[in-house]
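Have a look at the structure below, then the notes.
Numbering (full-length UniProt numbering), first residue to last: 1 to 262.
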């Protein structure tokens, strides 16, 4: 039986290859239960949702910081300068020097601005941040983020919150091939069902980040567990090696050795 090897980011090892977000839940109590069921160790929180002056009444009071690594998210930022300022604020408040970098080009699509993302990433890396950038599914942009020193690359599967899954599997595969073994590839955004998470892992991603698909599910706790199992199944399937696709059918039972045949 294949073990699930640790996910290593910036020299730190994690047992789980599922990361989860904390937005869109019906209640903070439901969020806490779903986090537990997911088995995740890395949890993203939008910096703008955190009351940095009164943590005891904020979302942080529902997250066990002894159990989870907090990944502040620059969600809602539209320029490199704004994202850098938000990351600095989070670090100064003692949240973390890890950051999920997100610079949105357009509110209508919520797609990342690749130029501003690379610019902000370069600045933050120089300032000692561990940068995990949300980016496009363009392997050239992924390569540039790697070159400026990002600790992972996080391409979207499809637009944030759409649940459409991986709309261009071959583009994710190209990113995996481009940076395999150098930093982790984390599929972030668009996951709608456990099958999407499994496919991302089968395609070669090192991890997935899921928020909406869990938070808005009919039963977030059950969905969190399903995502946990799907990520593990996809990882093991990738390790095991699938059979090649063929246009020619082949019997599952070989004819050689069949009784009555010579």
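Beta carbons: idealized from backbone N, C-alpha and C, even for Gly.
With the cut-off set at 9 Å, would you say residue i and residue j are in Cβ contact?
{"i": "residue 152", "j": "residue 186", "result": "yes"}
{"i": "residue 183", "j": "residue 229", "result": "no"}
{"i": "residue 207", "j": "residue 35", "result": "no"}
{"i": "residue 9", "j": "residue 101", "result": "no"}
{"i": "residue 47", "j": "residue 75", "result": "yes"}
{"i": "residue 212", "j": "residue 21", "result": "yes"}
{"i": "residue 220", "j": "residue 30", "result": "yes"}
{"i": "residue 197", "j": "residue 210", "result": "yes"}
{"i": "residue 139", "j": "residue 180", "result": "no"}
{"i": "residue 172", "j": "residue 200", "result": "yes"}
{"i": "residue 105", "j": "residue 78", "result": "yes"}
{"i": "residue 118", "j": "residue 148", "result": "yes"}
Could you check the C-alpha separation between residue i and residue j for me, to the nearest Å?
{"i": "residue 91", "j": "residue 50", "result": "13 Å"}
{"i": "residue 243", "j": "residue 225", "result": "28 Å"}
{"i": "residue 23", "j": "residue 237", "result": "30 Å"}
{"i": "residue 143", "j": "residue 116", "result": "15 Å"}
{"i": "residue 177", "j": "residue 5", "result": "19 Å"}
{"i": "residue 71", "j": "residue 99", "result": "5 Å"}
{"i": "residue 205", "j": "residue 232", "result": "12 Å"}
{"i": "residue 44", "j": "residue 194", "result": "19 Å"}
{"i": "residue 26", "j": "residue 32", "result": "11 Å"}
{"i": "residue 107", "j": "residue 240", "result": "41 Å"}
{"i": "residue 66", "j": "residue 245", "result": "45 Å"}
{"i": "residue 141", "j": "residue 58", "result": "35 Å"}
{"i": "residue 89", "j": "residue 28", "result": "23 Å"}
{"i": "residue 11", "j": "residue 128", "result": "14 Å"}
{"i": "residue 114", "j": "residue 164", "result": "21 Å"}
{"i": "residue 249", "j": "residue 134", "result": "41 Å"}
{"i": "residue 73", "j": "residue 62", "result": "17 Å"}
{"i": "residue 87", "j": "residue 110", "result": "19 Å"}
{"i": "residue 247", "j": "residue 166", "result": "24 Å"}
{"i": "residue 97", "j": "residue 170", "result": "33 Å"}
On a CA-only basis, which of the options is nearest residue i? Give me that one, please.
{"i": "residue 203", "options": "212, 9, 235", "result": "235"}
{"i": "residue 14", "options": "83, 32, 42", "result": "42"}
{"i": "residue 130", "options": "150, 169, 114, 30", "result": "150"}
{"i": "residue 222", "options": "28, 37, 32, 12", "result": "37"}
{"i": "residue 103", "options": "82, 96, 249", "result": "82"}
{"i": "residue 267", "options": "107, 168, 108, 148", "result": "Only positions 1 to 262 of the chain appear in the structure, and residue 267 is not among them; the question remains open."}
{"i": "residue 189", "options": "12, 19, 11", "result": "19"}
{"i": "residue 64", "options": "128, 95, 88, 191", "result": "95"}
{"i": "residue 227", "options": "191, 85, 59", "result": "191"}
{"i": "residue 16", "options": "69, 252, 61", "result": "69"}
{"i": "residue 154", "options": "164, 251, 112", "result": "112"}
{"i": "residue 60", "options": "93, 87, 86", "result": "93"}
Going by the DSSP bridge assignment, what does residue i pair with across the sheet?
{"i": "residue 153", "result": "185"}
{"i": "residue 99", "result": "131"}
{"i": "residue 207", "result": "186"}
{"i": "residue 124", "result": "According to DSSP, residue 124 bridges with nothing at all."}
{"i": "residue 44", "result": "21, 71"}
{"i": "residue 28", "result": "Residue 28 pairs with nothing; no bridge assigned."}
{"i": "residue 9", "result": "12"}
{"i": "residue 104", "result": "112"}
Is the region 158–177 touching the region 119–132, taking contact as three or more C-beta pairs under 8 Å?
Counting Cβ pairs under 8 Å, fewer than three are found: no touch.
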